[in-house]
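Enquirer: Below is the structure I would like to discuss, written out as structure tokens.
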Amino acid sequence: MVTIALPPDLEKTITERERRNGTTPELLVLETLQQEYGQEVTPAPQAGTLADLLGDYIGCLDSGEVIPGGARMSENIGEEQTMAARKKPLSRVKYMAVGVVLALFLFVLYGCAKYILEGELFNAACSGDTKKVEFLVKIGVDVNCVQEDLNSTPLIGAAYGGHTDTVVVLLRDHPNLKQVGREGTALQIAIDHNYPDIVRLLKAAGATD
Numbered sequence: 001m002v003t004i005a006l007p008p009d010l011e012k013t014i015t016e017r018e019r020r021n022g023t024t025p026e027l028l029v030l031e032t033l034q035q036e037y038g039q040e041v042t043p044a045p046q047a048g049t050l051a052d053l054l055g056d057y058i059g060c061l062d063s064g065e066v067i068p069g070g071a072r073m074s075e076n077i078g079e080e081q082t083m084a085a086r087k088k089p090l091s092r093v094k095y096m097a098v099g100v101v102l103a104l105f106l107f108v109l110y111g112c113a114k115y116i117l118e119g120e121l122f123n124a125a126c127s128g129d130t131k132k133v134e135f136l137v138k139i140g141v142d143v144n145c146v147q148e149d150l151n152s153t154p155l156i157g158a159a160y161g162g163h164t165d166t167v168v169v170l171l172r173d174h175p176n177l178k179q180v181g182r183e184g185t186a187l188q189i190a191i192d193h194n195y196p197d198i199v200r201l202l203k204a205a206g207a208t209d
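Using our numbering, you'd call the opening residue of the sequence shown number 1 and step up by one each time.
Following this line, the structure appears as structure tokens:
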């Protein structure tokens with residue numbers, strides 16, 4: 001069933017014309033349909049309401065009256081529908097604005113968390129805190145994160161400090177062996193600082209001079 005809600009101004013116009021011409025909303029609508037489409041609109045037998053008269057044409061029309069035997073029609077239905085239509089776009093804009101703000105907040109929060117965790121991984125690798133390195137790698141912190149001031153990765157930091165166990169943990173996650181820090185790659189640093197175990201591990205992982 002189709003429901004047509006009349007705006008307040010149109011509803012008022014129909015009511016005034018109804019009173020002035022001594023007719024009913026039903027007959028006004030039927031007359032308008034005849035004039036507009038040039039066809040005879042015949043009321044159904046025993047049709048006592050606007051919905052009954054026009055059911056086969058346009059469904060149910062909210063005319064602003066209570067017609068016995070028909071649907072209950074609110075006197076201010078046109079105004080209510082108009083106000084509701086005006087409020088809906090505002091609600092959508094409000095929800096969209098909240099969504100954008102929330103997305104930006106989560107993006108900034110993710111960036112801050114990523115930056116902090118990558119810094120923690122690098123510092124733990126440099127200090128040989130193998131358990132912390134293992135934990136951070138396990139939760140997904142990137143082993144190839146680069147500290148911009150040193151252009152170094154956690155692997156380079158671990159190799160520089162001679163932390164063999166930490167190097168073992170980092171190699172499990174297939175880090176970039178070709179990253180060049182201030183003093184060279186992890187392998188070059190291990191060779192220069194005479195860390196034979198780390199040299200062996202790096203070469204076994206595919207590092208070359």
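C-beta: ideal position from N, C-alpha, C; glycine also.
Any heavy atom of the ligand HEM closer than 8 angstroms to the beta-carbon of Asp209?
Expert: The ligand HEM is not part of the structure shown, which contains no ligands of any sort.
Enquirer: Excluding the 5 residues preceding and the 5 following Thr15 in the sequence, name in chain order all residues of the same chain whose CB lies nearer than 6 angstroms to its CB.
Expert: Take Thr15, set aside five residues on each side of it, and no residue of its chain has a beta-carbon closer than 6 angstroms to its own.
Enquirer: Using the C-alpha atoms, what's the distance from Leu106 back to Gln147?
Expert: 23 angstroms
Enquirer: Suppose you measure from the CA of Ala186 to the CA of Gly111; what does that come to, to the nearest Å?
Expert: Roughly 27 angstroms separates the two Cα atoms.
Enquirer: Tell me which residues share the same chain as Ala125 and place their Cβ nearer than 6 angstroms to its Cβ, disregarding the 5 neighbours each side in the sequence.
Expert: Val133, Pro154, Gly157, Ala158 and Thr166
Enquirer: Using the three-state DSSP reduction, which class does Gln179 fall into: helix, strand or coil?
Expert: DSSP, read as helix, strand or coil, puts Gln179 in coil.
Enquirer: In angstroms, rounded to a whole number, what distance separates the CA positions of Ala207 and Lys178?
Expert: 7 angstroms
Enquirer: Less than 8 angstroms between the CB atoms is what I'm expecting for Val216 and Leu201, so what's the real figure, rounded?
Expert: Because residue 216 is not part of the residues shown, which for the chain are 1 to 209, the question remains open.
Enquirer: Would DSSP call Tyr57 helix, strand or coil?
Expert: Annotation note: pLDDT 49 at Tyr57 (below 50); position unreliable, no value reported.
Enquirer: Enumerate in chain order the residues of its own chain whose CB-to-CB distance from Asn151 is below 6 angstroms, with the five nearest sequence positions on each side excluded.
Expert: Gly181
Enquirer: Taking DSSP's pairing of strands, which residues face Gln147 in a bridge?
Expert: Ser152
Enquirer: Does the distance from the CB of Asp142 to the CB of Glu120 come in under 9 angstroms?
Expert: No, the Cβ-Cβ distance between Asp142 and Glu120 is not below 9 angstroms.
Enquirer: Since Asn144 and Asn176 are thought to touch, with beta carbons under 8 angstroms apart, how far apart are those beta carbons, to the nearest angstrom?
Expert: 5 angstroms
Enquirer: Between the alpha carbons of Gly128 and Gln188, how many angstroms are there, rounded?
Expert: Spanning the alpha carbons of Gly128 and Gln188 requires a straight line of approximately 19 angstroms.
Enquirer: Measuring only the C-alpha atoms, how far is Asp62 from Leu109?
Expert: Here Asp62 scores only 46 on pLDDT, less than 50, and its place in the model should not be relied on; the value that follows carries that caveat. Taking the straight line from one Cα to the other gives about 52 angstroms.
Enquirer: State the beta-bridge partners of Gly119 as determined by DSSP.
Expert: Answer is none; Gly119 lacks a bridge partner.
Enquirer: Return yes when the Cβ of Ile191 is within less than 9 angstroms of the Cβ of Asp209, no when it is not.
Expert: yes
Enquirer: Given this structure, state the Cα-to-Cα distance separating Gly69 from Arg92, to the nearest angstrom.
Expert: Residue placement at Gly69 is poorly supported in this model, since its pLDDT is 49, which falls under 50; the coordinates are not used for a value here.
Enquirer: In angstroms, rounded to a whole number, what distance separates the CA positions of Ala71 and Leu104?
Expert: Any reading at Ala71 needs caution, since the residue's pLDDT is 48, under 50, leaving its predicted position unreliable; the model's value is listed next. If I take the Cα positions, the gap works out to 49 angstroms.
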